[in-house]
Structures are given as C-alpha cells and as structure tokens.
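Sequence order for the protein chains is A, B and C. So the first sequence is numbered by the numbering used here: it starts at 1136 and just counts up by one. So the second sequence is numbered by the numbering used here: it starts at 1136 and just counts up by one. So the third sequence is numbered by the numbering used here: it starts at 1136 and just counts up by one.
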Amino acid sequence: MKLKHLIESQQLDIETIFTIFKRADELKNSTVKPLTGKILATLFYEPSTRTRLSFESAMLRLGGYVISTENAKEFSSAIKGESLQDTIRIVSSYADIIVLRHFEEGSSKIAASVSSIPIINGGDGGGQHPTQALLDLYTIWKEIGRVDNIVIAMVGDLKYGRTVRSLCYLLGKFKNVKIIFISPENFSIKDDIKEYLKKHNIKFEEQTNLNKHLPCVDVVYMTRIQEERVSAEEYQNIKIVYKITKENLNLLKENARLLHPLPHVGEIDLPIEIEQTDRRVAYFRQAENGLYIRMALLSYLLE
Amino acid sequence: MKLKHLIESQQLDIETIFTIFKRADELKNSTVKPLTGKILATLFYEPSTRTRLSFESAMLRLGGYVISTENAKEFSSAIKGESLQDTIRIVSSYADIIVLRHFEEGSSKIAASVSSIPIINGGDGGGQHPTQALLDLYTIWKEIGRVDNIVIAMVGDLKYGRTVRSLCYLLGKFKNVKIIFISPENFSIKDDIKEYLKKHNIKFEEQTNLNKHLPCVDVVYMTRIQEERVSAEEYQNIKIVYKITKENLNLLKENARLLHPLPHVGEIDLPIEIEQTDRRVAYFRQAENGLYIRMALLSYLLE
Amino acid sequence: MKLKHLIESQQLDIETIFTIFKRADELKNSTVKPLTGKILATLFYEPSTRTRLSFESAMLRLGGYVISTENAKEFSSAIKGESLQDTIRIVSSYADIIVLRHFEEGSSKIAASVSSIPIINGGDGGGQHPTQALLDLYTIWKEIGRVDNIVIAMVGDLKYGRTVRSLCYLLGKFKNVKIIFISPENFSIKDDIKEYLKKHNIKFEEQTNLNKHLPCVDVVYMTRIQEERVSAEEYQNIKIVYKITKENLNLLKENARLLHPLPHVGEIDLPIEIEQTDRRVAYFRQAENGLYIRMALLSYLLE
C-alpha cells in the first residue's frame, strides 16, 4: 500500500524502500520536471539548514516551488499559542506537501492526523528522522552493493541520536545484518531498539573497543556526542573516547565505508586530503545522496 | 480608478472589491500563469508566517517568483539606521511588487509615497490589515451568499484588533448591515470606527451577552485577546469571558457562520470533529480564501 | 583566464571587468533565461538583506532558482561546531553556485579552496566585498562615461569600510585616476591600500576639508561611520564631521556624481525631492546597478 505520509522508518517496507532507491537513481541524472507547479512548504520549528536546503533543492530540481520558514518556533503563530494542528491545517491549503521539523517527539504524527496533504517528518525531537535513515541505507546500498549480509558498527551517542534509532528500524527489515554498538557509558542504545532488533532477528552486540572491531565491519556509522546532553566537563572527556583518525582508518577493510550523518566535530579527525582521496570516507557522498533520496520521496508522495 | 497600492480598506470601492472577488473565483481553479517572470518581495519587519506564506504561495501559483525576508527588523539595514523610505526605494529596483509587514502604524503609507512599484500593506502595527479584511468579506460573500443585509457579531478585542477595524471599514460600503460589538471592558471598539459607521449609515450596538445574540446573527467574527495587551492576571480573567464551545455553537442558525482571523487560542474551544464536520465552522475555509484573494490582488495590481 | 570564483577585487583584470559590464548592459533589458534550472545558494552567516535580495532577484531574473539562509550563524550546523569547509562541501552538492556572506575575513577563500562549484564573496568581515566594488565601478562608468582620467573623493570610514578597500583595488587597474581620501582622525585609509596604489601608479592625497575638494572631483564616494566601531560619545562627534547637505551638494560640478554604498545615515542629509530630481545624486541608481552586475556575474561564472 502506498504511503501517504512519511513519519517513521517502521512504515517503510522493503518494496517501498527499493521503489524509492530506484527512483533516486533515475532522478539523479534526469532532467524531467515531474513536480512542475507543485509547492513544498518547509516548516522548521527548529533550524536545520542542511536538511531544509536539501529538501528545497530537491523540490526545485523536480520543477516545483518552495515556501519556507526556518524558525517557525519564534516567527509563526506558535508564539501566540496556536496549536500545531491549526498551523498544519492552514498551511495545507497553501502547499501540496509539507516537510516538518519540530523540537517535540511525535509532532509529525500529530501533523499527519489533521493534514490534507502529505507530511514528511524532517526530524522531531528525540524521535525519528526517517529521510536521514533512508539516505543512510541508500548510501550503504550504493557503496557496499547490498544491504543484506552486512556488519555495521554504530558508534557514539546511541541513546539520544535519532539517526541511529531510525537506521536500526530500517535495518530490521533486512537479512543477516549484524550491528555492533559502541558507545560511551550512559550513551548506549535504548531497550526499545534492542527489543525491536531481537523481534526482527537482527544480531547485535554492545562493545567498547572501537579499534578492535574496525577490521571486521563493512560499515562504520559514526555519530556526534551532542554537547548539550552532558555537562561541559563530561563532554571534554567523552568527546575523545571514540575517534576516527588517519591511523585507525587504515584498520578498515579496503571495501568498507565510513559514514556519518554530519555535522561531525571531534569524532572524525581526518585531513582534508584523505577525506578527498580515500574511497572509504563516504560521508560527503552520503550527504549528496540526501538530495536524490529526497527528490525520490517528494516524487513518490506527490505522484 | 484602478488602485496602485493597497494601504487601507477605505481605498476599496464596491466595484474594486467585486473585481477582486470575481478574479479570486476565476484564479482558484485556473492554471494560467499571468505573473510569469514577475518578482514579489515579502518584506516583513515583524514575523507573520501565515500571511507571508499565503502571499508567497499566491505569487508562485501565478507563475511569479519570490524574494523574502522574514525578520527585516533584525536582519536588514534598518538595524544600521536606514530609513524605511530608502529600503523601499532600493527593493523597488529588485522586485515588481512589495508586501510590507511592519510594526509601526502608517509604515505602508510612507512606503507607498516613495515606491516605484505597488505596495501591499500586510499589516502595520495597530493600523490596518486590508488583505485580511478582503478575505474576511470574501468569506462572508461565499458562505452567506451576500454582503448586504447581514447581521454580524464582532467579539473579543475590538480595541486593538486591526482585523476588526479593517473589516468595519469595508462593511461601511454595503447596505443594511448591522454590527453587534461584544467585548470585555477596556477592549471596546474605538470612537473613530463608530463615527465612520454612523457616517456610512451602518447600524451598530455594543452588547455584553454573547449567547443572547448568537441566535440572531448571520456571522460571528471572533477574535483573540492579545496576551501582550494586558497584565497576566487580567488576561486569565478576560480570555474566558467570550468563548465559543460545543454548546453555544448550537445557538447559531443553521446557515450562520463562525469566522476568526486566526490564530485562535482559548476563545474557540471546539473538538476537531466538530470543526471538520459542522458547516458553520468556517475559519479554515476563511484562511484558505486568503490564498485566492491574494492571488487576485497580486494579479490586479500587476496587470 | 576565466575566473572560477570571485573572492577579491584584485582577481579582476580589465578584460574581465568589461566583459562583466557589457554583460550587465545586455542582461538589463533582456528576457533571456540563460540560467534556467540552475540553483543559487545564498549562505549568509551575517544578515544583509540588501545584498541577499539583490543576488536572489538577479538569479530569478535569469531563470534560476534560489535556496537561502539569512542567518546561518545561528541556524546552521555552525552552531554545532561544523567547519565552514564541511558546510561548503555539502551545500556544493545541493546548488550550482554559492554566495557566501561571512563575519570572518578570509572565509570566502577557505570556502573556494574546498568547493566544487563557484563561490562569490558577498562580504567577509573586515575583508572584501568585490561585487559592491564592481557595481560601484560600473556606476562610475555608466554615470561619468569613463573610468580612466577621473578624480574621486572617498569620504568617511576609510579604515574599516570594506567597500572603499575593494574599490581602491579595482581603481588600481585604470589610468590617470586620482583619489582624495577624506576621513576623521583614526579612520584613515590603511597602509596596505596606499602601497597597492603606489605600486599601480595611482595618485592619492589625504585631506581633511570636504567642501574645499567638492568642486574638483568627478565622483564623491561617501561612506557611513559604523557606530559599532567607536564609543557612543565619539560617534556623536564623528558622524557629523563630513556630511553632504543641500548646500554643499551644489559645490559639485554639474556632471559630477554622488555615490554611496548604502545604507546612509547622517552623512547624507538631503531632502527626498533633491534625491529624486538632482541628477548628481546617483546612489539609488547605483543600488539598482547591483542587480545588473550580479546578473552578469552569475551568468559569467555559470556559463
């Protein structure tokens, strides 16, 4: 059944995932304008320039238009006490599709419940960020050549990082995937994800030694420790615990890939020359894939 | 005589009003792009996401382009002491039409006095908001089937609410209109409006009992008490004085309509199911009409 | 050799300058859309509504699209510690050309070093603002009819004002130019510019009496003292030192021109009627020229 909204990764079945992936491949090099005359509203209650610009570029490349607010929390009627439902119902009549970024978990679900047009969750608080998960998975598929039969290390803030959570939900759909979780104390993956993975027969381990596991994985998915989650003192200690440098990058197999949802801070410390020449460094291609995945998703939801 | 700018409701005569209404009807279902290649600048010194997105969507649907600032007060040269006149003269050379939202009454008039291109007042301080008044009147026309011979209750903050003021100016052009003003103490309609109405032979009363008058009106125009106008304590008392609920909504005649310029806060307390199914609840259709009225106005001023 | 990026005025040789000027003349009255389907990203880490809207209008008039952030410092991943290089590499994959405005000198150079697409410096801290210099020079060329053989007075903040610095670099390319620098104490032109001018055989003087020199110049280039550079007390004294009024404007030759990069504050004190009718007042035409120069530059860099 075709999706109306994209709220969380769990909604996506394998068929839909590959429909979107193949659409992304097609649209990447195409000059067709299937969304001519359609309007995307990017409604961002929390600024996220990268995600917003990526969606807007995707819409424009498909021939569509964009209306936008990059700081709806302060600039919109939210400040006068308007409910999100009311805002969505009104913006629904101005646009053909909405990307919602919100600081509260569950906001996209609420928005979808009253919207007459498709809602895409562009990240909601501690909740999900399903287009990031889609582009992460698409990058694995393009770079490794498969999604089944992979070993992936997820490293960093696994507790609060919503990209990790969303990606786990997607990986749960595939076969013979093994996940190695590596995180500082107090940042380990939550039980709900572990239960989901068990239910879907995904093998996983919780480990603490990054370098030991680098030679064994197909993909390393690094994430940033979010400074705002811990005290300044703790942050100084934690941020250097797990790090990819010139040295341990070489522990990776030749065909393995280093992914990161970006922005990265201290957890990746590679010279620009290596980022530009070592094929294993995939995170800028990953960011670019965001454009194609979002083109594919906009086209899929609006067709 | 054709208008060059839209600064205040009083400028609009009946012929122009109906020219715009009929244009709105036509453009609503049309795919013509009469403004291809034209550029709208939305110059907002005070954020108002709804009004801005509505104008921008209108322009894009007509084939035009948009350049925009949603927070000119902080982001533009205003902060360096540039006069509004200078800003307008410069932006005039970048765009074909300007929507100006400003925090100071009279700003649009000043802008129009130096502009080489049409200026639309998108709300200026305690002043006017003429496109809101136009869409309110258009909604009455579409929903009730006429503008002459109606009884309308205006409820809430009648003193500071500029939408009420602008709408009164428009209603003054029609025949056999009766207005019932219902407001908390200290929020009653100002003398200048009363004088205007007298001069134009519009009957009006000032009343205090909302429920008593609900069965007699064709239209209830509810407005929000603006929290920033009163002390926190007063606000708590005042905000519940006049309220539409599931119960008193049913006092309305079957063909009557409930309007609100939105956002609404406590003064409308209806379950979503009733908002979605009770034909008398017209405020989301009213918001949507804003799009068609703004399309019509842009097209009218730029043709 | 064709430029890939525009980072500083010195990069522009006479041939490129006149290629862009002639392109500006052509595009001014043309309806061709040479940039159809191309995307401009305006990445502003420091708000500057005028510069941004001017670039965006230029891009739209050429048939292109725009993605934009007007406050990247607060809204983008910069706040999470992302390097400018990383941001540029990512935005490079979303757009075809970037205009960067940044609060730090040298930012555009850094951006260009990692960008796969053209970077235009839209002003970087105390550094340069080369498109302003180009439009200033274009205005001189259009208004005076030549750039060689002119006498130009530069007045105001010559120390911090980056437009003055960038314009000096351009004037250094021409013949028989004489510059008269007139500034309050502590705001005089820096030694690096003086050395550059000497090296390029440009005559210059440092003077203190504005009125004495007004009758002798072809162009007066006034600039604003930036309030933030001095104490409140000093500012009150300094801002009135050099001023163009109704009276001393008439000291100018009939064919001389008054330019200003705008916004102007107290240093120009002319009634609107004179601004609108006295042909010598050229600064609004100068601002309009910014549009044509930016159209020409976008077209030149993307062709």
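Glycine is no exception: its CB is placed at the ideal position from the N, C-alpha and C atoms. The structure displayed is predicted, hence computed values, not measured ones.
| task | Give the residues of chain A in contact with residue 1207 of chain C, contact being defined as C-beta atoms less than 8 Å apart. | result | Near residue 1207 of chain C (Cβ distances below 8 Å), the residues of chain A are 1184.
| Counting Cβ pairs, one atom from each stretch, are 3 or more of them under 8 Å apart for the region 1223-1231 of chain B and the region 1262-1271 of chain B? | The region 1262-1271 of chain B and the region 1223-1231 of chain B do not touch, with fewer than three beta-carbon pairs separated by less than 8 Å.
| Contact residues within the region 1166-1200 of chain C, judged by C-beta distance below 8 Å to chain A | Listed by position, the residues of the region 1166-1200 of chain C near chain A (Cβ gap below 8 Å) are 1172, 1174, 1176, 1200.
| query | For the 8 Å Cβ check, are there 3 or more pairs between the region 1270-1290 of chain C and the region 1238-1255 of chain C? | reply | Contact between the region 1270-1290 of chain C and the region 1238-1255 of chain C is absent: fewer than three C-beta pairs spanning the two stretches fall below 8 Å.
| message | With a threshold of 7 Å on Cβ separation, who are the neighbours of residue 1450 of chain B within its own chain once the five nearest residues in sequence on each side are excluded? | response | The structure shown does not extend to residue 1450 of chain B, since chain B is modelled only from 1136 to 1438, so the question has no answer here.
| Interface partners of residue 1407 of chain C on chain B, CB under 8 Å | Within chain B, the residues placing a beta-carbon under 8 Å from that of residue 1407 of chain C are 1220, 1249, ordered along the chain.
| query | Between A:1246, A:1156, A:1145, A:1339, which lies nearest to residue 1427 of chain A when the distance is taken from Cα to Cα? | reply | Measuring from the Cα of residue 1427 of chain A, the nearest candidate turns out to be A:1156.
| said: Let's see if you can read the secondary structure: which residues bound the alpha helix (DSSP H) around residue 1326 of chain C? | reply: Where residue 1326 of chain C is concerned, the enclosing alpha helix (DSSP H) stretches over 1326-1334.
| When you compare only the Cα positions, how much space is there between residue 1360 of chain A and residue 1291 of chain A? | If I take the Cα positions, the gap works out to 6 Å.
| field | Sequence-distant residues of the same chain with beta carbon closer than 8 Å to residue 1358 of chain C, five excluded per side | value | If the five residues before and after residue 1358 of chain C are omitted, its C-beta is found closer than 8 Å to the C-beta atoms of 1289, 1290, 1291, 1292, 1293, 1296, 1298, 1299, 1395, 1396, 1402, all from its own chain and listed in chain order.
| field | Backbone secondary structure at residue 1225 of chain B - three-state DSSP | value | Here DSSP, grouped into helix, strand and coil, assigns residue 1225 of chain B to helix.
| task | Report yes or no: is there a C-beta of chain C within less than 8 Å of the C-beta of residue 1427 of chain B? | result | The beta carbon of residue 1427 of chain B sits no closer than 8 Å to any beta carbon of chain C.
| Exposed unless 16 or more other CB atoms sit within 10 angstroms - verdict on residue 1363 of chain B | Exposed.
| said: Please report the straight-line C-alpha distance between residue 1311 of chain B and residue 1178 of chain A, rounded to a whole angstrom. | reply: Cα to Cα, the separation comes out at about 43 Å.
| request: List the endpoints of the continuous alpha helix (DSSP H) containing residue 1271 of chain C. | output: Counting along the chain, the alpha helix (DSSP H) containing residue 1271 of chain C begins and ends at 1265-1279.
| request: Below 8 Å on the Cβ atoms is my guess for residue 1399 of chain C versus residue 1253 of chain C; work out the distance and round it to an integer in Å. | output: No, residue 1399 of chain C and residue 1253 of chain C are not in contact; Cβ-Cβ is about 31 Å, not under 8 Å.
| With residue 1170 of chain A and residue 1197 of chain A assumed to form a contact (beta carbons below 8 Å), what rounded beta-carbon distance in angstroms separates them? | At roughly 4 Å, the Cβ-Cβ gap stays under 8 Å, so residue 1170 of chain A and residue 1197 of chain A are in contact.
| request: Could you spell out the range, first to last residue, of the alpha helix (DSSP H) harbouring residue 1312 of chain C? | output: For residue 1312 of chain C, there is no enclosing alpha helix (DSSP H), as DSSP marks it with neither H nor E.
| query | With a CB to CB cut of under 8 Å and the five nearest residues on each side skipped, what residues in its chain are close to residue 1142 of chain B? | reply | For residue 1142 of chain B, where only same-chain residues beyond five positions count, the Cβ hits under 8 Å are 1243, 1244, 1247, 1254, 1256, 1263, 1265.
| task | State the Cα-Cα distance for the pair residue 1386 of chain B and residue 1218 of chain A, rounded to the nearest angstrom. | result | Near 26 Å, if we compare the C-alpha coordinates of residue 1218 of chain A and residue 1386 of chain B.
| request: Assign residue 1165 of chain A to one of three DSSP states: helix, strand, or coil. | output: Looking at residue 1165 of chain A - three-state DSSP - the assignment turns out to be coil, as it is neither helix nor strand.
| query | Do residue 1383 of chain A and residue 1349 of chain A have their C-beta atoms within less than 8 Å of each other? | reply | Result yes, Cβ atoms of residue 1383 of chain A and residue 1349 of chain A sit closer than 8 Å.
| said: The alpha helix (DSSP H) that contains residue 1392 of chain C, what's its start and end? | reply: Per DSSP, residue 1392 of chain C lies in no alpha helix (DSSP H) segment; the continuous beta strand (DSSP E) that holds it begins and ends at 1392-1394.
| task | List the residues of chain A that residue 1226 of chain C touches, going by C-beta distances under 7 Å, in chain order. | result | 1188, listed in chain order.
| request: Assuming residue 1391 of chain C and residue 1352 of chain C form a contact by the criterion Cβ under 8 Å, report the distance between their Cβ atoms to the nearest whole angstrom. | output: Sure, about 6 Å apart at Cβ, within 8 Å.
| residue 1287 of chain A and residue 1200 of chain A: beta carbons closer than 8 Å? | In terms of Cβ geometry, residue 1287 of chain A and residue 1200 of chain A do not form a close pair [threshold 8 Å].
| task | Sort A:1313, A:1338, A:1258, A:1346 by Cα distance to residue 1444 of chain A and report the nearest one. | result | This structure gives no information on residue 1444 of chain A, because the portion of chain A shown stretches from 1136 to 1438.
| task | Let me know if residue 1173 of chain C comes out buried or exposed under the rule of 16 or more other beta-carbons within 10 Å of its beta-carbon. | result | By the neighbour-count rule (16 or more Cβ atoms within 10 Å), residue 1173 of chain C is buried.
| said: Give me the chain C residues within the contact set of residue 1338 of chain B, using Cβ-Cβ distance strictly less than 9 Å, ordered along the chain. | reply: The CB of residue 1338 of chain B never comes closer than 9 Å to any CB in chain C; the least such distance is about 44 Å.
| request: Using a Cβ-Cβ cut-off of 8 Å, state whether residue 1422 of chain A counts as contacting chain C. | output: Yes, residue 1422 of chain A lies at the interface with chain C (some Cβ there is under 8 Å from its Cβ).
| field | Any chain A beta carbon closer than 8 Å to residue 1396 of chain B | value | Chain A, which has no Cβ nearer than 8 Å to the Cβ of residue 1396 of chain B, makes this no.
| Under 8 Å Cβ-Cβ, which residues of chain C neighbour residue 1217 of chain B? | Per Cβ cutoff of 8 Å: 1397, 1398, 1399, 1400.
| task | Kindly list, in the order they appear in chain B, the residues whose Cβ is closer than 8 Å to that of residue 1316 of chain C. | result | Within 8 Å Cβ-Cβ: nothing; residue 1316 of chain C doesn't reach chain B, min ~23 Å.
| By Cβ distance, which residues of its chain are closer than 8 Å to residue 1159 of chain B, with the 5 residues on each side in sequence left out? | Correct list, in chain order: 1273, 1424, 1427, 1428, 1430, 1431.
| query | Hey, how far is the Cα of residue 1331 of chain C from the Cα of residue 1144 of chain B? | reply | For the pair residue 1331 of chain C and residue 1144 of chain B, the Cα-to-Cα distance works out to about 59 Å.
| task | Report yes if the C-beta distance between residue 1180 of chain C and residue 1208 of chain C is below 8 Å; otherwise report no. | result | Note that the C-beta distance between residue 1180 of chain C and residue 1208 of chain C is below 8 Å.
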